[in-house]
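*Asks:* Chains as they are written, first to last, in my numbering: chain A, 1219 to 1333; chain B, 9 to 120. We treat Cβ as the ideally placed atom computed from N, Cα and C, and that holds for glycine. Remember, predicted model here, so these are calculated numbers, not experimental data.
This is the structure we're talking about:
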């Protein structure tokens, strides 16, 4: 079965420290990979995507993600965390071989940046 | 500005009542989606539509119904058959397979 895993329900990091939010996936074929952020009582906002090409993808608000095909991972990173980065983060995948527009989401990771 | 509009922001349902959540997009996207979000469970797909007048069940379609009569609109009806409707409902759209989804700001549904 195709799936996305975010192994950590919550990640705590001190302001100014680097942060990593983990995502691994299991899909057939080459994946299209996405990260989204959600603030309280709001919809999801797109951060970045990997389609093909360079394994390091840069996105909005200083976030980046590294695609690792051998480890089937797409971890979200930021060199220096801000308190305002505190939110819920979702990883999503769309199999490129799929004939549908269906996306598969992870269960989300709550990021808390401590001042 | 292009985007997705969900209304109402808050909705209350009485026992035995059907309620309809609105979702409108002006992004000219082909595909539209409805998700249910419960605490600690991430997003679960209810229904999706890839084209006008066609839609498919997602993972938790029981107790819900949709229509797609226009490209811009994808309303969701929560029927009385849905015994636990209290949740945050998100509508999304997407243009093509390798593009991200755009999300509305959600409707929070509660039981009276």
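1. Measure the CB-CB distance between residue 35 of chain B and residue 83 of chain B and report whether it falls below 9 Å.
2. Mind listing which residues of the segment 1253-1269 of chain A have their C-beta closer than 8 Å to chain B's C-betas, in chain order?
3. For residue 1303 of chain A, does the three-state DSSP call read helix, strand or coil?
4. Checking contacts by CB at 9 Å: is residue 1227 of chain A closer than that to chain B?
5. Which of the residues in the segment 1227-1248 of chain A, read from start to end, lie with their CB under 7 Å from any CB of chain B?
6. With distance defined between alpha-carbon atoms, name the residue in B/56, B/57, B/81 and B/89 nearest to residue 70 of chain B.
7. Please classify residue 1257 of chain A: does DSSP put it in a helix, a strand, or coil?
8. Residues in its own chain within less than 8 Å of residue 78 of chain B by CB, not counting five upstream and five downstream?
9. Let me know the secondary structure DSSP gives residue 1321 of chain A once reduced to three states.
10. So, using beta-carbon positions, are residue 108 of chain B and residue 1267 of chain A closer together than 9 Å?
11. From A/1296, A/1285 and A/1255, pick the residue whose C-alpha is nearest to that of residue 1235 of chain A; which is it?
12. Determine the direct distance from the alpha carbon of residue 1285 of chain A to that of residue 45 of chain B, and round the result to whole angstroms.
13. Is the separation between the beta-carbon of residue 1306 of chain A and that of residue 1327 of chain A shorter than 9 Å?
14. To the nearest angstrom, how far is it from the Cα of residue 62 of chain B to the Cα of residue 101 of chain B?
15. Who are the neighbours of residue 1325 of chain A on chain B, taking C-beta pairs under 7 Å?
16. Determine the extent of the beta strand (DSSP E) in which residue 31 of chain B is found, giving its start and end residues.
*Replies:* In short:
1. no
2. 1254, 1259, 1260, 1261, 1262, 1263, 1264, 1267 and 1269
3. Looking at residue 1303 of chain A - three-state DSSP - the assignment turns out to be helix.
4. yes
5. none
6. B/89
7. coil
8. 60
9. coil
10. yes
11. Ranked by how close their Cα comes to the Cα of residue 1235 of chain A, the residues A/1296, A/1285 and A/1255 have A/1296 in first place.
12. 27 Å
13. yes
14. 15 Å
15. 49 and 50
16. 27-33
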